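These protein sequence lines are chains A and B, in that order.
Using our numbering, the letters of the first sequence map in sequence onto residues 1 to 225.
Using our numbering, the letters of the second sequence map in sequence onto residues 1001 to 1230.
Even for Gly, the Cβ is constructed at its ideal location relative to N, Cα and C.
Remember, predicted model here, so these are calculated numbers, not experimental data.
See structure below.
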Amino acid sequence: MDSPSTSNPGEVPTGGAQALPRAYLVRSQRERLLEAMLRVAAAKGYEATTVTDVIEIAGVSQATFDAMFEDKAACFLEAYDAVFDVLIAHVATAFEAAADEPWPERIAAGLGALVDLLSTEAEIARLSMVEVTAAGDDARSRYRAALARFTPFLEEGRDYSSQVEELPADTARFAIGGATSMIFDEIRAGRGPELKRILPDLVFAVLMPYLGPEAAEDEMRRVTR
Amino acid sequence: MGKQAATKVQAGAEGTGAAGKVLPEAPALRLVSSPKRQRILEGMLEVVGTNGYDTASVRMVLDLTGLYRQAFYDEFADKDACYLEAFDFGVARMEAVASSAAAEQDSWRGQLRAGLGALLEALEADPDLARALVVEVHAAGPEGLRRRSQAMKRVTDFIDSARHAPEGGESPPPIAAEGIVAGMHAVVHAKLAAGESEGFRELLPDFMYFAVLPYFGADAASAEMAAARA
């Protein structure tokens, strides 16, 4: 969400931009449209957002929009996936950076990175975690698919469970669902910018199904200050 | 930890640990003042469950119930108002199903097993109704979400009454119950939203495991899971 090409969205590239390879220009126009879609939809709500709003913010012509996207919904869905690309990459970076730590601490690090980014981008967080559930079937199925992308981070938790033989098959979905619902409630209550405050709760909710209550509470305390 | 404190205050205010009472009284059954009104509510849930909230219309409800347009508007201002009442009605019915199944049990674990089992049976029996309540409420605006939160809060309060159960050994953090309810909800929601119409009954052992684990420990949770599978 923070690429240089989008830092000045109102400005149409001129002069020097002509020297850039055409593929780069196309890509950056696309990125500008995706970011503009997110900004406008986050500010006005998806329903009220028009393609005209989006192309104005992006500084891109209607013809360019039409060449790239079939309609508003197609642009939104692609932008939506892009948000999760960024979220997942952010979580993965924190998770990998803690590679020498035990799995529960890596999970805490990943969750910490997640709430950091969501609270910094509170408007986009609201759009992608809350409003999306009201934006029709296509958007909702993207939302479910996006959440499933967090599953691989949890796989190793099975090795930490004392019940490894019979840990329920749905454990990852249960853990992710618990944390997601807490995030949903906080953002919906207007506390998105202070999402970091529930990090200990999220750590407990994700780890408890794997570690049991006592070990999960220890990890919760570790992130409580 | 403002959130935890708030949870504690609310739980205390509602006094959910009271013996004998499982889920609180179904709040909306009394709202249905006439058979005609009930037909409309049931029709609305069926239409929304089958077609989705956005597609559902008053016309579809009329076609399904065989009522005249005026009959609908005598009772409800519009589709939104009707759905919100239908949501309360449907949720109250689900709560009544769970409560009456649980009423025959006297331990928390027995009540949970019976109540949750009855709820999952109800989902299995009528997945369209479940979809109308669990999935489509998200399309019904902030008021729908507020009522959904209230319903989840009632389940959360029941779950958390486990910390007062005489045989309970653990005192998990206050957030534990919310995490359990949210997790179970997520698993059910994902199945319903994906259009699945079976396999709900089979969730009981896993759900018992997750709910028992924080209050009674891993051995008890495994035993519950095994018992629910039998």
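Item, Value
"With contact counted as at least three CB pairs below 8 Å, one residue from each stretch, are the region 1081-1101 of chain B and the region 1164-1183 of chain B in contact?", "no"
"Spell out whether any CB of chain A is found under 7 Å from the CB atom of R1229 (chain B).", "no"
"So, P213 (chain A) versus P1214 (chain B), is the Cβ gap smaller than 7 Å?", "yes"
"Which of the residues in the region 122-141 of chain A, read from start to end, lie with their CB under 8 Å from any CB of chain B?", "T133, A134, G136, D137, R140 and S141"
"For Y1083 (chain B) and A1140 (chain B), which I take to be in contact (beta-carbon distance under 8 Å), what is that distance rounded to the nearest angstrom?", "6 Å"
"Tell me which residues of the region 1208-1219 of chain B have at least one Cβ-Cβ distance to chain A shorter than 8 Å, keeping chain order.", "Y1209, F1210, L1213, P1214, Y1215, G1217 and A1218"
"Am I right that R126 (chain A) and I183 (chain A) are in contact with their C-beta atoms under 8 Å? What's the rounded C-beta distance?", "That belief does not hold up - the Cβ atoms of R126 (chain A) and I183 (chain A) are roughly 10 Å apart, past 8 Å."
"Does any residue of chain B bring its CB to less than 7 Å from the CB of P168 (chain A)?", "yes"
"Would you decide whether Q1111 (chain B) is buried or exposed? Buried here means 16 or more other CB atoms lie within 10 Å of its CB.", "buried"
"Hey, is D1206 (chain B)'s beta-carbon within less than 7 Å of any beta-carbon in chain A?", "yes"
"From A:G59, A:P104, A:L34 and A:G45, pick the residue whose C-alpha is nearest to that of Y160 (chain A); which is it?", "A:P104"
"Beta carbon of V1137 (chain B), beta carbon of R1148 (chain B): below 7 Å?", "yes"
"For S1222 (chain B), name the three-state secondary structure that DSSP assigns.", "helix"
"Spatial neighbours of V1156 (chain B) within its chain, please: C-beta separation below 7 Å, excluding the five flanking residues on both sides.", "Here residue 1156 (chain B) turns out to be Thr, not Val, going by the sequence shown. If we look at T1156 (chain B) and ignore the five residues flanking it on each side, its Cβ neighbours are A1177, E1178 and V1181."
"What is the DSSP secondary structure of Y1073 (chain B), reduced to helix, strand or coil?", "helix"
"Starting from the C-beta of A1118 (chain B), find all residues in its chain whose C-beta is less than 7 Å away, skip the five residues before and the five after it, and write them out in chain order.", "V1097, A1098 and A1101"
"DSSP three-state label for F1210 (chain B), please.", "helix"
"Checking contacts by CB at 7 Å: is P953 (chain B) closer than that to chain A?", "Within the shown structure, residues of chain B are numbered from 1001 to 1230, placing residue 953 (chain B) beyond reach of any answer."
"Could you check whether Y46 (chain A) and A234 (chain A) sit closer than 7 Å to each other, using their CB atoms as the reference points?", "Outside the displayed span of chain A (1 to 225) sits residue 234 (chain A), for which this structure offers no information."
"Quick one: is G157 (chain A) near chain B, going by C-beta distance under 7 Å?", "no"
"Ignoring anything shorter than 4 residues, give me the alpha helix (DSSP H) runs that lie fully in the region 1164-1210 of chain B, in order along the chain.", "1175-1193"
"Only counting runs of 4 or more residues, tell me where the alpha helix (DSSP H) segments fall wholly within the region 84-141 of chain A, in order along the chain.", "103-120 and 122-129"
"Mind checking if H1164 (chain B) is an interface residue toward chain A, Cβ cutoff 7 Å exclusive?", "no"
"When you compare the CB of S119 (chain A) with every CB in chain B, is at least one pair closer than 7 Å?", "no"
"Quick one: is Y1073 (chain B) buried, meaning 16 or more other Cβ sit within 10 Å of its Cβ, or exposed?", "exposed"
"With a Cβ-Cβ cutoff of 7 Å, do A36 (chain A) and V54 (chain A) count as a contact?", "yes"
"Using the rule of at least 16 other Cβ atoms within 10 Å of the residue's Cβ for burial, across every protein chain shown, is L1023 (chain B) buried or exposed?", "Bear in mind that the predicted position of L1023 (chain B) carries a pLDDT of just 45, short of 50, making it unreliable; the figure below should be weighed with that in mind. Under this definition L1023 (chain B) is a buried residue."
"Anyone know if the C-beta pair for L147 (chain A) and I176 (chain A) falls short of 7 Å?", "yes"
"For A122 (chain A), collect the residues of the same chain with a Cβ closer than 7 Å to its Cβ; drop the 5 residues on either side in sequence, then sort them by chain order.", "G192 and P193"
"Hey, is A1182 (chain B)'s beta-carbon within less than 7 Å of any beta-carbon in chain A?", "yes"
"Rounded to whole angstroms, what's the CA-CA distance from A1165 (chain B) to P1127 (chain B)? Just pull it up for me.", "33 Å"
"Between the Cα of G190 (chain A) and the Cα atoms of B:K1191, B:T1055, B:K1036 and B:P1142, which residue gives the shortest distance?", "B:P1142"
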